[in-house]
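Written below as structure tokens is the structure these notes are about.
This is the structure we're talking about:
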């Protein structure tokens with residue numbers, strides 16, 4: 048069931064009505080939300096319902112056993128949970144990639160093999176589900192949380208429908224207490240949630256899906272496109288990616304508010320970042336903080352005083368972030384590039400000159416604006432690897448892009464979209480310090496109503512509903 052469908056709209060209204068009608072009994076309400084979660088996921092493909100149900104059950108019982116065990120046995124239970132979750136993710140998402148890569152490596156040195164890959168469908172949302180359950184086990188092992196003994200609450204935590212398919216990735220410490228305690232309907236929170244949903248839908252169907260048509264055409268004809276067209280394709284794609292994914296996050300967070308839940312913020316206007324490290328603190332925040340807390344910091348602490356070790360951990364971190372997005376060398380390359388982007392930030396920890404230079408670039412009123420544009424372009428360059436099917440295609444795309452051939456004045460359609468995007472980002476710039484970009488509750492009432500009305504009209508009149516699938520569903 049996709050957010051941008053009539054089916055989902057009906058599902059949401061019916062679920063919302065029944066959910067709050069059951070508010071007098073928390074246990075019954077939680078059972079209902081759990082049923083709604085599985086109906087929502089089963090709408091996509093009922094065959095994978097059993098997979099997430101079994102994995103959640105195993106993690107539930109492992110968590111309880113781990114908490115009660117001594118240190119040695121606790122480590123064994125953690126390893127069991129890691130093997131379970133990473134093993135499932137590996138089989139469904141990475142097995143074919145590694146077998147194919149090994150086959151190609153053997154073939155390159157003249158060795159023939161009989162290795163075979165499996166034609167396995169990747170369950171939608173599996174990467175998000177896996178990381179959410181992994182964080183639960185890791186937090187119990189570290190003593191940060193106690194496991195919940197409420198079976199229904201835990202299953203709801205692992206399958207909460209607003210964020211199940213593409214995040215944000217929730218931590219148990221954040222979501223489990225909200226599921227365990229009685230929720231009260233808050234009119235103002237619900238209205239704010241509806242506004243955030245509307246803005247997410249706007250970003251998806253008015254901007255992302257229209258840009259996708261133009262991006263697809265350019266990437267399909269990358270071998271004959273001019274440098275100007277390839278540059279446009281690159282810029283349009285990074286904006287498509289942002290509006291598509293942040294649009295999903297807005298709908299998910301807004302939906303959570305309708306049901307009395309507060310989900311974590313996943314985007315904070317990343318295109319206004321002045322440096323690459325700052326951009327990563329604003330983009331897919333729930334994923335980057337997950338890797339920071341559970342991968343990078345534990346690794347760095349082993350030898351945090353050695354510069355080369357910190358550099359190694361940083362490159363490894365971004366390679367893993369790249370691989371999380373998909374089993375392809377394009378994502379590995381993406382990770383390596385962002386790891387290299389991070390080197391000045393790491394060196395600044397040892398060099399006051401570099402640190403002062405970065406600080407000056409961020410704080411100078413004029414150079415800071417240049418830094419925003421430069422950072423945006425660096426990010427945009429690497430997102431070509433997201434869109435290209437393989438590294439070879441990406442290399443040709445980059446090669447033709449930097450030939451600087453066929454540069455000309457933009458056509459009417461490009462000019463129109465440049466104006467639309469300038470207006471869109473001007474609005475985001477004004478709203479960048481709000482709790483979310485469509486937080487307009489303090490606007491003078493006639494202005495607020497006008498903004499809301501224009502947003503709904505834009506969705507209905509300009510919305511493109513032919514490509515409803517969200518980009519991050521493939522990850």
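Residue numbers (this note's numbering): 48 to 522. Where is the CB? At the ideal position from N, CA and C, for every residue including glycine. All values reported here derive from a predicted model rather than from experimental measurement.
Is the CB-CB distance between residue 210 and residue 310 below 8 Å?
-> Closer than 8 Å, so yes.
Buried/exposed call for residue 456, threshold 16 Cβ in 10 Å = Residue 456 comes out exposed.
In angstroms with no decimal places, state the Cα-to-Cα distance between residue 220 and residue 331.
-> When rounded, the distance between both Cα atoms is 19 Å.
Verify whether the separation of the beta carbon atoms of residue 321 and residue 174 is less than 8 Å.
-> A distance of 8 Å or more separates the beta carbons of residue 321 and residue 174.
Is the region 481 to 496 close to the region 243 to 255, with three or more CB pairs under 8 Å?
-> Flag = yes, the region 481 to 496 and the region 243 to 255 touch.
When we look at the beta-carbon of residue 215 and count the other beta-carbons within 10 Å, is it buried (16 or more) or exposed?
-> Residue environment for residue 215: buried (at least 16 other C-beta atoms within 10 angstroms of its C-beta).
Backbone secondary structure at residue 475 - three-state DSSP | The three-state secondary structure of residue 475, taken from DSSP, is helix.
Leaving aside the five residues before and after residue 361 along the sequence, list all residues of the same chain whose C-beta is less than 7 Å from its C-beta, in chain order.
-> Annotation for residue 361: 386, 389, 393 place their beta carbon closer than 7 Å to its own, counting only its chain and skipping 5 residues before and after.
What is the rounded straight-line gap between the Cα of residue 290 and the Cα of residue 427?
-> Each residue's alpha carbon lies about 14 Å from the other.
Return helix, strand or coil for residue 456, following the three-state DSSP convention.
-> Three-state DSSP puts residue 456 in coil, outside helix and strand.
Rounded to a whole number of angstroms, what is the C-alpha to C-alpha distance between residue 420 and residue 442?
-> C-alpha separation (whole angstroms): 23 Å.
Okay, do the region 244 to 258 and the region 334 to 351 touch, 3+ Cβ pairs below 8 Å being the bar?
-> Put simply, the region 244 to 258 does not touch the region 334 to 351. Fewer than three CB pairs are less than 8 Å apart.
Where residue 450 falls: helix, strand or coil (DSSP) | Of the three classes helix, strand and coil, the one that applies to residue 450 here is coil, per DSSP.
Below 8 Å between beta carbons: does that hold for residue 88 and residue 206?
-> Taking 8 Å as the Cβ cut-off, residue 88 and residue 206 qualify as a contacting pair.
Is it true that the CB of residue 280 sits closer than 8 Å to the CB of residue 194?
-> No; because the gap between Cβ atoms is not below 8 Å, this pair is not in contact.
Span of the alpha helix (DSSP H) around residue 312 | First-last for residue 312: undefined, no H or E at that position.
Taking three-plus beta-carbon pairs below 8 Å as touching, is the region 270 to 289 in contact with the region 428 to 437?
-> Taking a cut-off of 8 Å for Cβ pairs, the region 270 to 289 and the region 428 to 437 touch, as three or more such pairs fall below it.
Would you check if the region 223 to 243 and the region 401 to 411 touch, i.e. whether three or more CB-CB distances between them fall below 8 Å?
-> Verdict: no, contact absent.
Exposed or buried, which one is residue 118 when buried takes at least 16 other CB atoms within 10 Å?
-> Only exposed fits residue 118, as fewer than 16 other CB atoms lie within 10 angstroms of its CB.
Using a Cβ cut-off of 8 Å (strictly closer), state whether residue 285 contacts chain C.
-> Among the chains in the structure shown there is no chain C, since it carries only a single protein chain.
What did DSSP end up calling residue 512 once you bin it into helix, strand or coil?
-> Residue 512 sits in coil when the DSSP states are folded into three classes, being neither helix nor strand.
Three-pair Cβ contact test at 8 Å for the region 368 to 377 versus the region 392 to 406 = No, the region 368 to 377 is not in contact with the region 392 to 406.
Which residues in the same chain as residue 185 place their Cβ atom closer than 8 Å to its Cβ, once the five residues preceding and following it in sequence are excluded?
-> Contacts found: 125, 341.
Under a three-way DSSP split, which group does residue 242 fall into?
-> Of the three classes helix, strand and coil, the one that applies to residue 242 here is helix, per DSSP.
What are the boundary residues of the alpha helix (DSSP H) that includes residue 297?
-> Here the alpha helix (DSSP H) through residue 297 covers 274 to 305.
Can you list, in chain order, the stretches of the alpha helix (DSSP H) that have 4 or more residues and sit fully within the region 329 to 357?
-> Runs found: 332 to 338, 344 to 347.
DSSP three-state assignment for residue 187, whether helix, strand or coil = If DSSP states are grouped into helix, strand and coil, residue 187 belongs with the helices.
Look at the Cβ atom of residue 183, then the Cβ atom of residue 106, and state whether they are nearer than 8 Å.
-> Judged by their CB atoms, residue 183 and residue 106 are nearer to each other than the 8 Å cut-off.
In three-state DSSP terms, what is residue 257?
-> Residue 257: helix per DSSP, three-state reduction.
Start and end of the alpha helix (DSSP H) containing residue 224?
-> DSSP places residue 224 inside the alpha helix (DSSP H), whose first and last residues are 219 to 227.
Any 3 or more C-beta pairs closer than 8 Å across the region 297 to 308 and the region 59 to 67 = Counting Cβ pairs under 8 Å, three or more are found: they touch.
Backbone CA spacing between residue 399 and residue 329 [nearest angstrom] = Distance between the alpha carbons of residue 399 and residue 329 is about 25 Å.
Between the C-alpha atoms of residue 449 and residue 348, what's the straight-line distance to the nearest angstrom?
-> When the Cα atoms are used, residue 449 and residue 348 turn out to be separated by approximately 41 Å.
What is the DSSP secondary structure of residue 62, counted as helix, strand or coil?
-> Annotated three-state conformation of residue 62 is helix, per DSSP.
Identify, in the order they occur along the chain, each residue of the same chain with its Cβ nearer than 6 Å to the Cβ of residue 75, setting aside the five sequence neighbours on each side.
-> The beta carbon of residue 75 sits closer than 6 Å to the beta carbons of 69 from its chain, once the five residues preceding and following it are set aside; these are given in chain order.
Determine the burial state of residue 122: buried for a count of at least 16 other Cβ atoms within 10 Å of its Cβ, exposed for fewer.
-> Label assigned to residue 122: exposed.
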